[in-house]
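What follows is one structure encoded as structure tokens, with my remarks underneath.
4 protein chains.
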Amino acid sequence: MGSSFGTLFRISTWGESHGPGIGVVVDGCPPRVPVTEALIQAELDRRRPGQSHLVTQRREGDRVEILSGVQDGLTLGTSIGLFVRNEDQRSRDYDEMAHKYRPSHADYTYDAKFGIRAISGGGRASARETVGRVAAGAIAMQVLRLAFGVEIVGWVDSVQAIEAEINPETVTRDQVEATPVRCPDPATAEAMIALIEATRKDGNSVGGTVRLVARGVPVGWGEPVFDKLEADLAKAVMSLPACKGFELGSGFAGTLITGSEHNDAYRTDASGRVFTPTNRSGGIQGGISNGMPILLRAAFKPTATVMQAQETVDDAHQPTTLTGRGRHDPCVLPRAVPMVEAMVALVLVDHALRQVALTVPIPKPDGLN
Amino acid sequence: MGSSFGTLFRISTWGESHGPGIGVVVDGCPPRVPVTEALIQAELDRRRPGQSHLVTQRREGDRVEILSGVQDGLTLGTSIGLFVRNEDQRSRDYDEMAHKYRPSHADYTYDAKFGIRAISGGGRASARETVGRVAAGAIAMQVLRLAFGVEIVGWVDSVQAIEAEINPETVTRDQVEATPVRCPDPATAEAMIALIEATRKDGNSVGGTVRLVARGVPVGWGEPVFDKLEADLAKAVMSLPACKGFELGSGFAGTLITGSEHNDAYRTDASGRVFTPTNRSGGIQGGISNGMPILLRAAFKPTATVMQAQETVDDAHQPTTLTGRGRHDPCVLPRAVPMVEAMVALVLVDHALRQVALTVPIPKPDGLN
Amino acid sequence: MGSSFGTLFRISTWGESHGPGIGVVVDGCPPRVPVTEALIQAELDRRRPGQSHLVTQRREGDRVEILSGVQDGLTLGTSIGLFVRNEDQRSRDYDEMAHKYRPSHADYTYDAKFGIRAISGGGRASARETVGRVAAGAIAMQVLRLAFGVEIVGWVDSVQAIEAEINPETVTRDQVEATPVRCPDPATAEAMIALIEATRKDGNSVGGTVRLVARGVPVGWGEPVFDKLEADLAKAVMSLPACKGFELGSGFAGTLITGSEHNDAYRTDASGRVFTPTNRSGGIQGGISNGMPILLRAAFKPTATVMQAQETVDDAHQPTTLTGRGRHDPCVLPRAVPMVEAMVALVLVDHALRQVALTVPIPKPDGLN
Amino acid sequence: MGSSFGTLFRISTWGESHGPGIGVVVDGCPPRVPVTEALIQAELDRRRPGQSHLVTQRREGDRVEILSGVQDGLTLGTSIGLFVRNEDQRSRDYDEMAHKYRPSHADYTYDAKFGIRAISGGGRASARETVGRVAAGAIAMQVLRLAFGVEIVGWVDSVQAIEAEINPETVTRDQVEATPVRCPDPATAEAMIALIEATRKDGNSVGGTVRLVARGVPVGWGEPVFDKLEADLAKAVMSLPACKGFELGSGFAGTLITGSEHNDAYRTDASGRVFTPTNRSGGIQGGISNGMPILLRAAFKPTATVMQAQETVDDAHQPTTLTGRGRHDPCVLPRAVPMVEAMVALVLVDHALRQVALTVPIPKPDGLN
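Okay, structure coming up:
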């Protein structure tokens with residue numbers, strides 16, 4: 042279980058790191074949405090290994106095929122099947138790992154849960170699983186853009202202690218894509234790149250944070266109580282590999298100021314639209330979007346695979362030592378950006394459709410206006 | 042929508058702050074679990090307003106009635122109906138709020154989403170809604186304790202900048218309950234209490250963090266990909282009113298160290314059980330519990346209701362000023378502890394049942410051992 | 042599990058035959074729908090025991106209380122809590138049944154499944170459980186009527202071998218309600234009543250069929266593949282106590298003619314609307330409503346409780362004999378009519394909302410018209 | 042929406058009749074179940090077109106590929122991806138149908154619902170969609186067989202008015218597979234074959250019924266109220282293309298006898314096991330299996346495609362005439378048998394896992410035995 046996500050716009054993913062490929066079924070996409078392989082490919086290329094010298098050098102073209110649900114470039118309203126064939130599987134890199142549990146990886150927990158695990162490459166616990174998310178997210182983003190004018194921009198906000206200072210109201214995807222580290226501040230990006238390259242040489246890894254803004258979300262998305270918009274966003278983002286923390290708006294820092302400082306006053310702009318001059322709420326109040334940009338931040342731990350000898354146990358629970366090999370990321374952050382964007386898009390489109398479902402035309406009872 | 046939570050142990054809540062009462066339906070609780078009104082009441086009393094001078098003075102006994110699903114103190118395996126009647130509703134406190142949107146409250150977003158809202162007391166956006174969560178959580182905790190030996194302890198970790206230093210391996214609920222602020226370190230608790238009381242006098246509010254440990258969770262709970270244990274925990278906790286951030290294990294601080302520092306080595310104890318001497322993973326790897334204590338932290342913003350004049354708009358979107366009145370919490374943290382515990386219990390019991398469902402007896406194929 | 046139904050308009054029921062009462066939570070009802078206790082009561086009165094001499098004489102007023110989700114007669118869009126207190130519980134009638142399994146009842150299966158069961162009155166397996174369905178169905182019908190102009194009429198089509206011949210295009214609820222047996226053909230109704238009264242004197246029971254028409258359903262409700270409209274209708278109706286069969290349109294009889302005879306030709310009426318002069322499809326094609334009346338039929342077995350000695354076993358699996366006592370229905374059919382209507386309404390409103398969710402405004406790509 | 046089925050053993054299907062292929066994702070299959078392509082292929086071969094002269098002559102090998110979730114012949118417990126490539130797509134057969142609605146097909150309803158439809162071959166409304174069901178059902182059957190000893194046998198019970206008389210306690214799949222019409226009574230099978238061949242020559246079609254027995258289902262599968270085992274079976278079977286009716290046990294005929302005749306007495310066999318000498322209940326009481334064989338019957342209408350001129354309208358709603366062409370089934374019944382079996386297997390395995398989830402070890406409270 043666990044490979045499906047969403048209520049009305051629902052995706053189901055499958056595929057292991059070292060099997061024939063990875064796929065996703067998207068069920069509930071509205072009909073007549075323009076969707077092409079090129080649209081999806083553009084997002085997959087941002088997630089793809091080997092895209093720059095900063096990330097793992099596994100060579101995957103990650104070419105997507107649309108197998109169903111689209112006709113002449115338009116969605117049919119029925120389930121969409123997407124498939125990406127695996128190309129570069131060097132299973133020999135994993136020989137030693139067949140019986141040794143990699144520290145802070147899921148080898149041990151999968152073995153204990155299922156009594157079996159995919160020996161090569163981590164199976165479903167591999168970040169390769171996110172191909173399905175990003176492919177489906179590309180379709181979600183297309184719906185959000187065309188039907189609602191929503192724009193989602195994520196970026197690398199910090200690598201270890203190197204932090205950027207970015208204005209979420211104006212940052213653009215072009216700025217983000219201008220450097221391979223996906224930090225839209227050029228000077229900070231340089232420092233991050235230098236740190237990641239030094240870390241790679243050390244055979245070590247570093248973590249950091251992704252920040253994201255969703256602009257154009259109308260007031261009214263999200264549900265009371267359990268399916269609050271921030272709750273679904275938290276689940277979506279925290280389900281990504283290596284994610285250890287999530288914040289909306291002021292987040293943990295918001296606990297350091299008083300209520301009178303924290304509250305976002307309401308005002309009305311010239312067009313009569315309600316807005317808040319500050320946005321510590323992160324665009325959501327009581328679980329429902331308030332029309333301001335949605336602001337969130339996610340923490341990604343340093344990648345668990347390091348090229349150093351580490352203490353561990355084998356699958357007979359005997360002590361042993363393991364030295365990481367294979368082609369892994371010294372820093373997952375640049376590739377995490379499209380993953381976070383995809384998950385946010387999947388949550389937003391789902392709540393958008395749920396809100397559309399409420400627009401049932403109920404006539405006013407007699408005597409009311 | 043949004044008032045249900047869980048897959049196999051599923052709850053549905055209803056009730057507004059100022060209506061006849063609050064209730065919850067628990068569907069999927071295993072049969073023959075000892076459940077009494079006293080068991081549930083003990084948890085509700087920890088969430089209850091008026092329990093100490095630190096929290097809102099609304100006077101609610103919060104007496105729970107079991108209306109179905111339990112016979113002679115044992116669950117029947119069928120849906121359990123619980124009901125708590127509202128007692129102290131001073132709607133007049135809300136007269137001014139009927140047409141003015143309280144800053145950083147959900148008045149505006151509910152009105153915009155539904156075209157209508159419960160005028161008094163916030164309706165479903167009131168923290169009173171959490172009565173249903175805590176009542177259901179008491180049953181979840183009972184299953185976890187009796188069937189699996191799991192123990193959940195939450196505490197107030199910080200109020201504004203005052204932070205406690207607590208050992209999650211040894212902290213007990215008795216220590217937590219020893220002070221009204223629910224911080225198990227007595228000296229820190231004193232400082233927190235002083236800050237909250239000063240804040241109340243100012244008519245202001247403060248936020249802080251709750252930390253929680255779940256001890257005794259066996260290896261194997263949680264699902265791959267989307268329903269990772271930390272993802273479901275994040276959703277559960279972030280769905281609580283005023284929650285703005287969530288961390289598992291090392292959280293955001295974990296991004297500041299390298300992978301070789303962050304990884305948790307595996308070892309085997311005398312009984313052959315695998316463990317990790319460090320626990321930066323927070324007890325979960327790849328979405329699945331690893332047998333170590335589950336460690337998490339949640340940020341709660343300062344309460345939005347402050348007794349000071351604030352700029353806002355009314356429901357005709359005209360500028361106005363609103364001064365908070367009514368009986369509200371200067372600091373939600375002490376009452377947040379049982380809420381976080383309840384949500385964690387609901388997630389854990391659900392994943393426990395999902396894992397039990399996998400224990401189908403599949404015979405080994407011929408020739409395998 | 043199993044006490045919830047629906048995707049977007051979702052209900053959760055609770056309550057046993059001999060506990061404090063029965064309730065239902067309705068989550069997902071659109072906001073601003075006029076809903077009163079009187080509206081719901083009118084449907085409950087049609088399901089109520091003691092409504093005529095034909096049905097069980099248990100005396101239940103079945104007075105519904107709205108506990109949440111409605112303000113000044115309009116739904117809030119949040120979860121609606123409904124409660125009906127049990128009034129007349131003669132548990133002594135059940136003393137003998139505490140240890141003997143009633144033939145063709147669920148006593149044995151509940152005991153085997155759960156290791157415990159509600160001793161009095163059948164617990165959740167009692168038809169009293171349907172109070173929650175009918176109450177929620179009243180709200181569903183209100184949405185269908187006001188927002189979509191849908192009208193649902195069910196009637197008793199046969200009691201044992203006595204069959205009515207009713208025109209589904211013109212039959213009205215007034216005609217149905219004109220006799221206590223709910224068969225809109227007066228002469229057939231008389232014969233049915235005579236049979237039921239004779240059966241009661243014999244201490245025996247009879248079954249029969251309910252037929253139902255839903256008029257005004259627009260084209261487009263229902264989903265491809267698994268959530269076909271007829272599939273969800275079948276589940277809904279077959280989940281009612283004592284229901285053993287379901288047919289859409291031509292049903293089993295349709296297997297006796299050829300394809301060229303069975304097909305419904307398409308024509309266009311004066312207003313340009315597509316229709317079929319015949320309706321063997323029962324208003325659904327490929328799982329999706331086609332704009333014609335939805336026609337279905339359900340079989341209800343003779344009630345299992347008969348006032349005659351029957352061979353059975355006790356809960357130690359020893360052979361014994363049991364003679365039915367208590368106040369039971371010789372024929373469930375008259376009371377089944379509002380139950381079937383409620384279940385059909387719940388399915389239709391859910392699919393209506395799912396279809397509304399698809400009406401996302403997707404702009405046409407350039408170059409298309 | 043609508044392309045997913047199940048709660049714990051959950052499948053999601055995709056693929057159109059005339060696209061690249063058909064697939065299914067199976068999520069929630071227990072780990073370590075022996076599954077091979079050969080196991081699945083055996084069931085697909087029974088569903089396959091061109092398997093005999095009785096069915097459509099479209100030439101599809103229907104070769105299944107396992108793309109994920111299985112390693113060295115054992116399931117991993119993670120999502121299983123299955124793919125069947127389409128081979129023989131004669132789209133030219135569909136030219137005329139691009140703008141004319143085939144009577145009693147879903148062309149019109151899909152167009153009206155989605156504003157677009159797959160022009161060739163019916164898209165998701167084609168019976169080709171059932172490839173995914175049958176492939177997933179093969180895995181479900183393997184779990185049922187290995188873990189629970191359940192055996193499912195379906196057969197063609199009637200073709201038009203030709204009915205077989207088969208003993209459900211003893212019928213075997215070998216007997217069913219002995220004739221291409223899948224009726225285990227050889228003489229009746231001959232008559233059915235003759236009728237189908239005559240019908241094909243006429244360019245017409247015939248319907249009929251499938252009967253099915255599931256033997257070895259233990260007592261306790263199924264849930265109270267809405268997810269009754271018969272309700273989920275009804276939904277599953279009624280979701281198959283062309284299915285118009287469903288009966289459990291005595292079904293509609295059961296309404297013709299009295300309660301004292303209809304009730305199944307309980308007895309205990311030599312081993313202490315409770316059974317019923319009759320089985321009018323069809324193996325289910327109160328929604329929960331009672332340990333007796335599960336007996337059901339499904340009605341399939343005559344195929345809508347007939348080789349005769351029929352009155353219809355085009356997609357501009359203008360009257361026109363359409364004469365069926367292409368390679369279609371004069372009688373869907375022989376191929377419906379594996380489809381019904383697959384759907385029943387999917388329901389049973391899901392409820393089996395739900396019941397396993399309830400086997401949480403709850404210790405008895407002190408003082409109870």
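Each protein sequence line maps, in turn, to chains A, B, C and D. To convert a position in the first sequence, counted from 1, into my numbering, add 41. To convert a position in the second sequence, counted from 1, into my numbering, add 41. To convert a position in the third sequence, counted from 1, into my numbering, add 41. To convert a position in the fourth sequence, counted from 1, into my numbering, add 41. Glycine included, each C-beta is placed from N, C-alpha and C at the ideal position. Keep in mind the model is a prediction, meaning the values are calculated, not measured.
Of all residues in the stretch 155–168 of chain D, only R165 and A166 place a beta-carbon less than 7 Å from a beta-carbon of chain C. Contacts with chain A at 8 Å (Cβ-Cβ) include D68 of chain D. Contact between L108 of chain C and L85 of chain C is absent: CB atoms are separated by about 15 Å, not below the 8 Å threshold.
With its beta carbon less than 8 Å from one in chain A, I121 of chain D belongs to the interface. Taken through DSSP and simplified to helix, strand or coil, F50 of chain C comes out as coil.
Interface with chain B (8 Å Cβ-Cβ cutoff): P90 of chain C is excluded.
Within chain C, the residues A398 have their CB atoms less than 7 Å from the CB of L49 of chain A, given in chain order. Taking a Cβ-Cβ cut-off of 7 Å, L108 of chain B has no neighbours in chain D, whose nearest Cβ is about 16 Å from it.
Residue-level contact by beta carbon fails for R174 of chain C and chain B, as no gap is shorter than 8 Å. With the criterion set as a beta carbon lying under 9 Å from some beta carbon of chain A, the members of the stretch 178–193 of chain C are V184, L187, A188 and F189, in sequence order.
One finds I403 in chain D with Cβ atoms closer than 7 Å to the Cβ of V74 of chain B, taken in chain order. Burial is judged here by how many other beta carbons sit within 10 angstroms of a residue's own beta carbon; T213 of chain C has fewer than 16 and is exposed. Beta bridge pairing from DSSP links F124 of chain A with A:G64 and A:E106. Its Cα nearest to that of A168 of chain C, the residue C:H369 stands out among C:G286, C:H369 and C:F293. Excluding the 5 residues flanking it on each side, E128 of chain B has same chain C-beta neighbours closer than 8 Å at R100, E101 and G102, in chain order.
Neighbourhood of G290 of chain D in chain A, by CB distance below 8 Å: empty, with the nearest CB roughly 32 Å away.
The stretch 344–362 of chain A and the stretch 217–230 of chain A do not touch, with fewer than 3 CB-CB distances between them shorter than 8 Å. Judged by DSSP secondary structure, F341 of chain C falls within the beta strand (DSSP E) whose first and last residues are I335 to F341. Residue range D148 to F155 is occupied by the alpha helix (DSSP H) that includes F155 of chain D.
By the C-beta density criterion, R314 of chain D is exposed, having fewer than 16 other C-beta atoms within 10 angstroms.
The beta carbon of L236 of chain D sits closer than 7 Å to those of V200, Q201, I203 and V247, all from its chain and outside the five residues before and after it, given in chain order. With a cut-off of 8 Å on Cβ pairs, the stretch 169–188 of chain C is in contact with the stretch 65–84 of chain C, counting three or more such pairs.
With the rule of 3 Cβ pairs closer than 8 Å, the stretch 293–304 of chain D does not count as touching the stretch 87–94 of chain C. Fewer than three beta-carbon pairs drawn from the stretch 309–324 of chain C and the stretch 274–282 of chain D are found closer than 8 Å, and the two stretches are therefore not classed as touching. In terms of beta-carbon proximity, G118 of chain B lines the interface with chain D, with at least one pair separated by less than 8 Å. In the same chain as R256 of chain C, and ignoring 5 residues on each side of it, the C-beta atoms closer than 6 Å to its own belong to E192 and P334, in chain order. Judged by DSSP secondary structure, Q351 of chain C falls within the beta strand (DSSP E) whose first and last residues are A350 to V354.
Under DSSP, P360 of chain C forms a beta bridge with C:V354.
Contact between the stretch 334–351 of chain A and the stretch 377–392 of chain B is not established, with fewer than three Cβ pairs separated by less than 8 Å.
Judged by their CB atoms, A339 of chain C and V381 of chain C are nearer to each other than the 8 Å cut-off.
Rounded to the nearest whole angstrom, the CA to CA distance from S280 of chain D to R51 of chain D is 15 Å. Straight through space, the alpha carbons of P259 of chain B and A153 of chain A are spaced by roughly 10 Å.
Interface criterion met: the Cβ of P71 of chain C is under 8 Å from a Cβ in chain A.
For the stretch 248–276 of chain A, the set of residues with a beta-carbon nearer than 7 Å to any beta-carbon of chain C comprises P265, in chain order. Burial check for Q396 of chain C: the Cβ neighbour count within 10 Å reaches 16 or more, so the residue is buried.
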